[in-house]
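Undergrad: The structure's right below; bear with me while I get my questions together.
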Amino acid sequence: MTIREALQRALDERAYTYVRTGERGTRGFVVGVGDTLLLFQRFNDFVPYGYLIVRLPSIHEVDSDGPDLRFFGSMMAAEGLSPARPDFIVPLDSLQAALRSIQQRGILVELQQENFDGEWGVEVGRLLDVYEQHTVLQLVSASGEWEDGECVLETPAVWRVVLATAYVEALQKYSGDPMTPRRHDRFRVRARSGLRESLQRALELRAYAWIETAGYRTMGFVIGVTDQLVLIHSFFDLADDGFVLIPTHLVGEVSWDGENPRFFGRMMEGEQLLDGVGHDIPVRLDSLPHALQAIRDQELLVQVDDRDEAHVGRLVESDDARTTLRYLSASGVWEDVREVETAHIVRVGFGNAYLRAFAKYASQPEGAS
């Protein structure tokens with residue numbers, strides 16, 4: 436079966452689908468297939484994540500038959516989530532026609548262009564003109580500042596277009612008119628030395644922060660911090676993404692006073708999302724085993740990331756040496772107990788939409804009532 440045929444089948448069956456372009460994969464629904472382009476509705480777990488337009492030759496894999504995809508699709512259907520096209524017509528006979536429809540709509544767009552070195556770059560802005568060989572746009576930065584000049588891209592080199600994500604829509608809403616000069620607001624604060632002190636300051640200010648650890652960036656609000664642990668209310672773009680526990684000593688960088696996180700925090704305040712920040716789970720932060728035991732007592736599903744892989748399941752026990760959990764596979768089947776060295780745990784997630792849905796739709800573990 437060709438890529439085109441696999442995409443058409445996924446469209447006809449309204450199937451939850453995995454699509455890979457290069458080393459990147461995304462999940463969601465095929466909502467349109469042309470001779471040269473795919474229109475794909477993306478989801479981040481159960482949160483709609485805008486639309487992707489991609490050239491068919493850039494697609495290397497299509498899968499809508501895997502047991503994990505079938506199971507996730509059944510959860511999506513049970514939650515009332517189904518494929519939906521954008522609220523305007525996107526022609527799929529050529530990229531030029533697709534971009535012109537977006538230009539007429541007047542919305543921000545994210546374009547990815549491959550350069551001569553085989554690498555790719557991302558540009559976000561509003562489309563000004565679209566030609567067969569060149570696309571002209573005005574760029575806007577992640578801190579909501581419009582560029583003074585124009586950016587010209589080679590249209591044939593644009594292979595991926597992203598539109599209507601919550602982030603890009605909020606960026607358009609809060610960046611203002613392209614001619615408006617930058618304004619400083621109350622989110623502008625001075626940097627303070629020391630990661631522990633910076634985490635404490637982010638907690639006190641209720642500032643939107645980026646917390647960097649090896650291999651991860653967690654974005655959201657610090658809602659608890661000790662010398663042992665950091666508890667973060669995580670957000671993916673503007674969507675609540677549950678809670679994350681990180682050993683404090685693994686934090687490599689904290690950013691809450693830069694232009695980008697300050698602007699993002701202002702968008703979240705404007706969208707009235709700050710009132711929902713926090714939690715009512717009595718998680719002790721004096722040690723990782725104590726925190727995990729508190730989460731276990733709430734019978735919550737967790738994702739425990741160690742140095743090598745992620746483990747999803749229900750916690751059984753945790754002490755300074757080892758943490759055990761009943762493993763839940765990606766297809767919703769309970770498997771054997773797994774054991775992780777507590778000292779090797781780098782991140783623990785709980786309370787997000789993905790884990791809540793798995794807890795709701797997974798098979799019952801043996802011995803459960």
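Numbering follows the numbering used here, with no gaps: position 255 of the sequence shown is 690.
From the three backbone atoms N, C-alpha and C, an ideal C-beta is built for every residue, glycine too.
Computed from a prediction, not measured in an experiment: that's the story for all the values here.
Is Leu-664 buried or exposed, if buried means 16 or more other CB atoms sit within 10 Å of its CB?
TA: buried
Undergrad: Between which two residues does the beta strand (DSSP E) holding Arg-490 run?
TA: Counting along the chain, the beta strand (DSSP E) containing Arg-490 begins and ends at 482-490.
Undergrad: If you draw a straight line from the alpha carbon of Pro-682 to that of Leu-720, how long is it in whole angstroms?
TA: Approximately 10 angstroms, taken between the alpha carbons.
Undergrad: Looking only at DSSP bridge pairs, what is Ile-681 linked to?
TA: DSSP lists Val-665 as the bridge partner or partners of Ile-681.
Undergrad: Leaving aside the five residues before and after His-746 along the sequence, list all residues of the same chain whose C-beta is less than 8 angstroms from its C-beta, in chain order.
TA: Gln-738, Val-739, Asp-740, Leu-760, Tyr-762, Arg-773, Val-775
Undergrad: Between the C-alpha atoms of Arg-627 and Asp-676, what's the straight-line distance to the nearest angstrom?
TA: Model confidence at Arg-627 stands at a pLDDT of 30, short of 50, so the residue's coordinates are unreliable and nothing is read from them.
Undergrad: Give the C-beta separation of Val-689 and Arg-782 to the nearest angstrom, bearing in mind that I take them to be a contact with Cβ-Cβ under 8 angstroms.
TA: In fact, because the Cβ distance is near 15 angstroms, the residues do not count as touching under 8 angstroms.
Undergrad: Going by DSSP in three states, Leu-720 sits in which element: helix, strand or coil?
TA: coil
Undergrad: Unbroken beta strand (DSSP E) runs of length 3 or more, entirely within the stretch 503-578: which are they?
TA: 543-549, 555-565, 569-574
Undergrad: Looking at the secondary structure, which residues open and close the beta strand (DSSP E) in which Gly-705 lies?
TA: Segment 694-705 is the alpha helix (DSSP H) holding Gly-705; no beta strand (DSSP E) there.
Undergrad: So does the stretch 633-646 actually touch the stretch 686-702, counting three or more Cβ pairs closer than 8 angstroms?
TA: The stretch 633-646 is in contact with the stretch 686-702.
Undergrad: For Leu-442, which residues from the same chain have a beta carbon less than 7 angstroms from its beta carbon, with the 5 sequence-adjacent residues on both sides left out?
TA: Val-465, Val-468, Leu-473, Val-497
Undergrad: If you check the beta carbons only, do Ser-610 and Val-575 fall under 8 angstroms apart?
TA: yes
Undergrad: Who pairs with Phe-655 in a beta bridge, going by DSSP?
TA: It should be noted that the sequence gives Gly, not Phe, for residue 655. The partner list for Gly-655 (beta bridge, DSSP) reads Ala-644, Ser-669.
Undergrad: For Leu-807, which of Ser-536, Ala-513, Asp-447, Ser-578 has the nearest alpha-carbon?
TA: Since the displayed the chain opens at 436 and closes at 804, residue 807 lies outside it and no answer follows.
Undergrad: Please determine, among Ala-533, Ser-499, Ser-669, the residue with the shortest C-alpha to C-alpha distance to Asp-447.
TA: Ser-499
Undergrad: Residues in the same chain with beta-carbon distance under 7 angstroms from Met-654, minus the five sequence neighbours each way, listed in chain order, please.
TA: Trp-645, Ser-669, Phe-670
Undergrad: Please tell me whether Thr-759 has its Cβ less than 8 angstroms away from any Cβ of chain B.
TA: No chain B is part of this structure, which consists of one protein chain only.
Undergrad: For Trp-581, which of Ala-729, Asp-612, Arg-444, Val-596 has the nearest alpha-carbon?
TA: Asp-612
Undergrad: Going by the beta-carbon positions, is the gap between Ala-577 and Gln-548 smaller than 8 angstroms?
TA: no
Undergrad: Tell me whether the beta-carbon of Leu-516 lies closer than 8 angstroms to the beta-carbon of Phe-481.
TA: yes
Undergrad: Between Gly-711 and the rest of its own chain, which residues show a CB-CB distance below 8 angstroms, the 5 nearest in sequence each way excluded?
TA: Asp-675
Undergrad: Taking the DSSP output, what are the residues bridged to Val-739?
TA: His-746, Val-783
Undergrad: Per the DSSP calculation, Ile-494 is bridged to which residue(s)?
TA: Thr-456
Undergrad: Report the CB separation of Leu-673 from Leu-736 in whole angstroms; it is logged as a contact under 8 angstroms.
TA: Not a contact, Cβ separation roughly 24 angstroms.
Undergrad: Under DSSP, the beta strand (DSSP E) around Ile-757 begins and ends at which residues?
TA: Sequence check: residue 757 is Arg here, not Ile. Under the DSSP assignment, Arg-757 falls in the beta strand (DSSP E) whose first and last residues are 757-763.
Undergrad: On the CB-based measure, 16 or more other CB atoms within 10 Å of its CB, does Tyr-566 come out buried or exposed?
TA: exposed
Undergrad: Assign Ser-804 to one of two classes, buried (16 or more other C-beta atoms within 10 Å of its C-beta) or exposed (fewer than that).
TA: Because Ser-804 carries a pLDDT of 46, less than 50, the predicted location of this residue cannot be relied on, and the following value inherits that uncertainty. Burial state of Ser-804 is exposed, judged by a 10 Å Cβ sphere holding fewer than 16 other Cβ atoms.
Undergrad: With a 10 Å radius around its C-beta and 16 neighbouring C-beta atoms as the bar for buried, classify Ala-601 as buried or exposed.
TA: buried
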